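Residue numbers (my numbering), protein chains in the order written: chain A, 1 to 400; chain B, 1 to 274.
Ideal Cβ positions, reconstructed from N, Cα and C, are used throughout, including at glycine.
In this text, all values refer to a predicted model and were calculated from it rather than measured experimentally.
See the structure below:
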């Protein structure tokens, strides 16, 4: 017959207590301290923050990576393929990533960075960082938050996502990697994690795009309003929830939020946040090409269906703030509708122009357009807008 | 540096799995009681019989996808990730984790024979996750096979459970010599014999008392003696209930003796292995 088990929590405690008293006196600080410390952590146990406002990877790769559809190696492989295609189109094919680095003997390396796609620039910088880590070691540890649960050991990056990707690139894509697949990290306990610290780190660095800053503002607003910040990848609509919020009801956080945003004024904070009204496509393009807030604020004012086209024109023609303002506000005035006869005066003018089309040569029209706008880029932008109007008018006539 | 304790003896039935599992749980509970930030302990079961896996997780049908076998057969680059995927939580305590054994480990030795770097297929991935644990406990099979060598290579400290019988103690020196061979032959200078646990001690038997006295009087073995675990029927009842000895009967003489061993090992951890 089996003996009856003797479950007794109190007795178990007594047993532990009988050997604990000596140990407690000897316990070193680093064992029971809930302090920040540096550890070397396996790369696979570290993951970027899915809601980090600053995007490192292109949006589509970012989303699939954070939805666990692709591994870090696959994400980088897709990025490399995108860059290889772009580079081939521009006559700079490469097979080895190290070929992206500047070579003093190659005249092509004198090419200005402006002619490279954002992905090419990013990958080139990443390869450069990876080779630096290979040659000099990882001098600057990442900052990670311990978000382990059960047997799943996981550390979420608070700062240092580029170094993380550079280390993966070094491990899987660059020859002569002699590391052990570990990365030094400053580990912050989960209860010490702070969206404000992350924001300060972001805004203190150069190269934070206007769109990333807008996401940052949204994240801070959502946090102070008690929204739960998810631990998975989010679409832009998540950040857009902040468009309905402001700092008025949260005076106790106002200083902390504005300070985390780099010490900006409250009015500027609202403008930055309003950039989230841009359409998804416009947001992605503006983020990839680092379009300034000064230009985007005018784009936000026009109907959402034109956002992507306007941002594309800003990129293609490198429009100045003044040019963007004229383009956006001009378009707005032309769309004002005359309530009396349901046709705006500008539409009447455009219709009359079609009657004079036979008596105009392309050269004359081009000269007139440049004279009117005072700039070739704006003239081109006007033509693009006109082409779009003509094609949509044709479609409208067809439907009638 | 995380200490890894391998429980080894080429004799079967001396209490390797019982000692490994109960000491691992004791460490978790004692570290937690001492408010340690990281009280987690990992058991690596290298014995294809899977006794340690069975009593701590309630199952032993681990196979090609979720066991030590999976880790040993993984591509070297992916081995750490595979290891992380195969570690499972014990039923005893959320902070006691297990890399379970599989009956397929029997074939693993044959499959790995002649594979370059085969003896390092455990230590390489384990070394990359070791700092996530306060300690690692490795349970071995009752023979000096490739898997036992892997366990020894992954360890910093060897602990030898032994029964107080004449032939057992005669074999003890050969066990220690074998561990020393591994240290010298595999150039693993950090491996050392850190303890001896006398198990199944019955003080009513004159021979047991005599041999224990001899061990204590021995200039080397006497210093290594970590504890004496009395023969106790609570041990087998705890096993059959898939419970730890501490949970099944904390007042049993074996529970108290094991807790003293745990205290010594935790003190050793706190002193950084000195």
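| Query | Result |
| --- | --- |
| Straight-line Cα distance separating residue 203 of chain B from residue 165 of chain B | 12 Å |
| Where residue 197 of chain B falls, given that 16 or more other Cβ within 10 Å makes a residue buried | buried |
| Where residue 107 of chain B sits in the DSSP three-state scheme | helix |
| Reduced DSSP secondary structure (H/G/I, E/B, other) of residue 45 of chain B | strand |
| Same chain, Cβ closer than 6 Å to residue 402 of chain A, neighbours up to 5 away in sequence not counted | Beyond the ends of chain A as shown, which are 1 and 400, falls residue 402 of chain A; an answer cannot be given. |
| Local conformation of residue 345 of chain A per DSSP, three classes | helix |
| Residue interval of the alpha helix (DSSP H) (run including residue 264 of chain B) | 253-270 |
| Residue 40 of chain A CB to nearest heavy atom of the ligand MN below 8 Å | Looking at this structure, you won't find the ligand MN or any other ligand, since it has none at all. |
| Cα-Cα separation between residue 262 of chain B and residue 191 of chain A, rounded to whole angstroms | 31 Å |
| Environment of residue 249 of chain B [buried if 16+ CB atoms lie within 10 Å] | buried |
| CB-CB length for residue 233 of chain B against residue 199 of chain B, believed under 8 Å | With 8 Å as the limit, residue 233 of chain B and residue 199 of chain B do not qualify as a contact, their Cβ atoms being about 14 Å apart. |
| Residues that residue 39 of chain A bridges to, as DSSP identifies them | A:185 |
| Residue 124 of chain A versus residue 39 of chain B - alpha carbon distance | 43 Å |
| Cβ pair residue 241 of chain A, residue 220 of chain A closer than 9 Å | no |
| Residue-level contact to chain B via CB, residue 137 of chain A, 9 Å cutoff | no |
| Minimum Cβ-Cβ distance from residue 245 of chain A to chain B less than 9 Å | no |
| Contact with chain B by residue 195 of chain A, beta-carbon distance below 9 Å | no |
| Under the three-state DSSP convention, the category residue 248 of chain A falls into | coil |
| Same chain, Cβ closer than 7 Å to residue 224 of chain A, five either side skipped, listed in chain order | 250, 253, 257 |
| Beta-carbon spacing of residue 401 of chain A, residue 134 of chain A below 9 Å | What is shown of chain A runs 1 to 400, which leaves residue 401 of chain A out entirely. |
| Beta-carbon spacing of residue 273 of chain A, residue 243 of chain A below 9 Å | yes |
| 4 or more residues per run - each alpha helix (DSSP H) lying fully within the stretch 62-141 of chain B | 68-73, 79-86, 105-112, 123-129 |
| Contact between the stretch 77-91 of chain A and the stretch 193-200 of chain A (3+ Cβ pairs under 8 Å) | no |
| Alpha carbon of residue 84 of chain B to alpha carbon of residue 97 of chain A, nearest angstrom | 30 Å |
| At least 3 beta-carbon pairs within less than 8 Å: the stretch 19-35 of chain B vs the stretch 78-98 of chain B | yes |
| Euclidean distance between Cα positions of residue 231 of chain A and residue 127 of chain A | 29 Å |
| Own chain residues within Cβ distance below 8 Å of residue 276 of chain A, not counting five before or after | 214, 215, 218, 236, 239, 240, 242, 243, 283 |
| Rounded straight-line distance, which links the Cα of residue 255 of chain A to that of residue 264 of chain A | 10 Å |
| For residue 90 of chain B and residue 2 of chain B, the rounded distance between their alpha carbons | 20 Å |
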